[in-house]
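Okay, so here's the structure we're looking at.
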Amino acid sequence: MPRCYLTILNQHASLRLSSNPNGVMLWRDFLCLKWALEEKKLVRVEAKDSERSAMQSFQNKNETLDVYTETLGKMLEHFAQMQAVCEHVNSAKSIEREYYALKSKVSDDGVLDKSLEAKLVQWQAKGRRRYLEARQRKVEAVVVEVDAITLKTMSTKEAGAAKLQALDNKVEEIVKQVRSYLFLVSSIFKLSWGLVLSVAEAKVA
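Using the working numbering, the first residue of the sequence shown is number 15, and each one after it goes up by one.
Here it is as structure tokens:
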């Protein structure tokens, strides 16, 4: 019970003690019990707040899991794009092999014109250079996006871990307070019951 509350109670009781001691004791017991009930209500409210905080933590974990799932989906998509790039490279190599095979055949037949061959080689080199540049830009873009996703995932994970740690500390603090309140309520009930028994014994005597 708060010290100021006990002081007021004792002052009021001392004023009326000479006229009706038993009534003062009963009135004091009544106020003690009433305060104990208020404390019990407060403990229940804090327990509900703790339950609400635990539910919020569960929702935060679900949101973090959704972020991980979305990140995995994007990484799989980028992997598919990189695989498609590799297939384009293999296709270009296959075309190059076919070109050399055709060149060899035409050379054997003596039909291929030297100027046409030079133009064909120049076109192939230009086309291959453009393809490699485009592929390089695409690969760089994919790498940048993957790095950004990885950084975002790490940041989300660290923030989630910090929130969970703070929530665990808050829950532990609430549990300690609840235990302290319960111990205080139990002590008050024991004290009040002893006072009631004393009053009853005094009446019997």
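Think of the CB as a built atom: it goes at the ideal place given N, C-alpha and C, for glycine as much as any other residue.
Shown here for T85: same chain residues with a beta carbon closer than 7 Å to its own, the five before and five after excluded, namely I163, T167 in chain order. V199 is a Cβ neighbour of K54, given a cutoff of 8 Å. Here K177 has N74 as same chain residues with Cβ atoms under 7 Å from its own Cβ, once five neighbours each way along the sequence are excluded. Minimum Cα-Cα distance from E186 among the listed residues V57, S64, L45, E52 corresponds to S64. Residue environment: A148 is assigned as exposed (fewer than 16 neighbouring CB atoms within 10 Å of its CB, all protein chains considered). Secondary structure in the stretch 42-123: no beta strand (DSSP E) run of 3 residues or longer lies completely within the stretch. The beta strand (DSSP E) runs lying completely inside the stretch 128-201 and spanning 3 residues or more number zero.
With distances taken between CA atoms, V160 lies nearest to F93 out of H102, L116, F93, K133.
Between E101 and K133, the alpha-carbon positions lie close to 27 Å from each other. By the Cβ-count criterion, A50 is buried, with 16 or more other Cβ atoms from all chains shown falling within 10 Å of its own Cβ.
The beta carbon of L181 is closer than 7 Å to those of S67, S71 in its chain, skipping five residues each way along the sequence. A direct Cα-Cα distance of roughly 21 Å separates T170 from K184. Just so you know, the alpha carbons of L209 and F197 end up roughly 18 Å apart. The C-alpha of N104 is placed about 23 Å away from the C-alpha of M89. In this structure, the straight-line span from the alpha carbon of D80 to that of V153 is close to 27 Å. Non-local beta-carbon contacts of S206 in its own chain, meaning distances under 8 Å to residues more than five positions away in sequence, involve D43, C46, L47, A50 in chain order.
Contact check for A106 against R142 passes: the beta carbons are separated by less than 8 Å.
The Cβ atoms of Y113 and Q138 sit closer than 8 Å to each other.
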